[in-house]
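Using the working numbering, the letters of the sequence shown correspond one by one to residues -19 to 64. Idealized CB from N, CA, C, for every residue including glycine. Take a look at the structure set out below.
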Amino acid sequence: MVPRSSNYGGLEEVVVTGTLTTSADQFLLHSNNGKVYRISAIKLYAAVSPEYGSEKYRPFVGLRVRVHGLSDGTTIWNASVEAI
């Protein structure tokens, strides 16, 4: 994980690499350092389910990916995913 800034109300901008998996209706990033993050397409304060819009991550399941977004330590919010 490479923190870039912490000026987001307790959230930290991160870039994390690992493998993307799915469990029930959640997408999970198993990072290279052993930590597991939940991946969400929405911003933390959005008034919809955290899984809303996350189907866009399905093509990346099982691949090594780089994920960019804002993290509270357990979830990466407003995540963008790219295969590496």
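Counting other Cβ atoms within 10 Å of its Cβ, Ile64 stays below 16 and is therefore classed as exposed. In this structure, Tyr17 sits away from Val(-5), with a CB-CB distance that is not shorter than 9 Å. Between Val45 and Val28, the CB-CB gap reaches or exceeds 9 Å.
Under DSSP, the beta-bridge partners assigned to Tyr17 are Leu9. If you look at Arg38, you'll find it isn't in any beta strand (DSSP E); DSSP assigns it neither H nor E.
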